[in-house]
Amino acid sequence: MTETIAKLAKCDGGKDCPSRAFTDVTAGSWCHEHIDFVVTNGLFYGTSNSIFAPDQHLTRAMMVTVLWRAAGCPENKSASVFADVADGAYYAKAVAWAAENGVVLGTSAKTFSPNDNVTREQMAVILFRYAKLCGKAGSSGGDLSSFADAGCVSAYAADAMAWAVKNGIILGVRGTDGTYYLNAKGSATRAQAAAVFMRYANNIG
Numbered sequence: 252m253t254e255t256i257a258k259l260a261k262c263d264g265g266k267d268c269p270s271r272a273f274t275d276v277t278a279g280s281w282c283h284e285h286i287d288f289v290v291t292n293g294l295f296y297g298t299s300n301s302i303f304a305p306d307q308h309l310t311r312a313m314m315v316t317v318l319w320r321a322a323g324c325p326e327n328k329s330a331s332v333f334a335d336v337a338d339g340a341y342y343a344k345a346v347a348w349a350a351e352n353g354v355v356l357g358t359s360a361k362t363f364s365p366n367d368n369v370t371r372e373q374m375a376v377i378l379f380r381y382a383k384l385c386g387k388a389g390s391s392g393g394d395l396s397s398f399a400d401a402g403c404v405s406a407y408a409a410d411a412m413a414w415a416v417k418n419g420i421i422l423g424v425r426g427t428d429g430t431y432y433l434n435a436k437g438s439a440t441r442a443q444a445a446a447v448f449m450r451y452a453n454n455i456g
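Pasting the structure below:
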């Protein structure tokens with residue numbers, strides 16, 4: 252992340268609360284602090300002035316836009332090459348930057364599929380690539396054996412997921428039986444992504 256990413260002071264729940272405008276982010280919500288963080292740092296905006304939509308799935312367009320903002324909204328050397336990314340789309344510059352730097356690839360040579368949901372393992376892969384781009388990835392390593400569904404992680408995402416778990420960026424999802432799962436192929440929500448970006452900023456920088 253850039254040096255503009257701030258450490259967040261504890262929310263007072265009142266007029267100084269960054270999430271106060273969102274009617275769907277309650278004071279006791281598990282993701283309140285994370286949403287405060289991403290809103291304060293300009294990484295996420297609401298889907299409207301009063302709605303954050305924490306349970307809405309994160310799309311590929313949203314993911315690259317948040318990363319692009321975290322990188323300081325850099326200028327691109329070239330425009331997007333994807334036929335399904337319109338020049339005027341809010342995510343067009345972010346897609347061009349992400350593809351140019353190998354952070355997020357297209358779903359084919361000519362398509363980006365901006366409205367496709369991002370899975371938890373895809374989020375790990377994208378963040379691992381971004382960390383490498385910034386020279387902050389370090390080694391992958393990490394042990395996934397404590398998660399009941401570790402064997403369900405795709406081969407291409409195994410190193411990235413292990414890295415994300417080792418660095419406390421992606422945590423397991425607790426099942427009703429108390430068992431923790433990676434849920435690698437489950438679609439990430441905006442709230443989960445907010446938590447992941449806050450952990451990345453705090454643990455990686």
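Each residue of the sequence shown is one higher than the one before, counting from 252 in our numbering. C-beta: ideal position from N, C-alpha, C; glycine also.
CA-CA distance, residue 408 to residue 380, rounds to 11 Å. Taking C-beta atoms under 8 Å as the contact rule, residue 342 and residue 316 qualify, at a distance of about 5 Å. Considered as a whole, the segment 343-371 harbours 343-351 as its complete alpha helix (DSSP H) runs of no fewer than 4 residues, in chain order.
A check of alpha carbon separations from residue 448 across 358, 288 and 427 identifies 288 as the nearest.
By the Cβ test, the segment 394-406 is in contact with the segment 422-436, since at least three Cβ pairs between them sit closer than 8 Å. Note: residue 440 is bridge-paired with 308 in the DSSP secondary-structure output. Closest in alpha carbon position to residue 331, among 425, 310, 453 and 355, is 355. Residue environment: residue 279 is assigned as exposed (fewer than 16 neighbouring CB atoms within 10 Å of its CB, all protein chains considered). In the structure shown, the three-state DSSP call for residue 425 is strand. Three or more Cβ pairs closer than 8 Å define a contact, and the segment 417-427 falls short of that threshold against the segment 294-303. For residue 341, the secondary structure class from DSSP, reduced to helix, strand or coil, is coil.
Counting the other Cβ atoms within 10 Å of the Cβ of residue 281 gives fewer than 16, which makes it exposed.
Between residue 351 and residue 383 the beta-carbon gap is near 15 Å, outside 8 Å, which marks them as no contact. Between residue 372 and residue 411, the gap from beta carbon to beta carbon is short of 9 Å.
Boundaries of the alpha helix (DSSP H) around residue 288: 283-291. Inter-residue distance for residue 445 and residue 262 is about 16 Å (C-alpha atoms, whole angstroms). As DSSP reads the structure, residue 431 sits in a beta bridge with 425.
A distance below 7 Å between beta-carbons, with the five flanking residues on each side excluded, links residue 393 to the following residues of its chain, in chain order: 413, 414, 416 and 417. Out of 311, 290 and 325, the CA that lies nearest to the CA of residue 302 is found in 290. Of the residues 389, 454 and 442, the one whose Cα lies closest to the Cα of residue 306 is 442.
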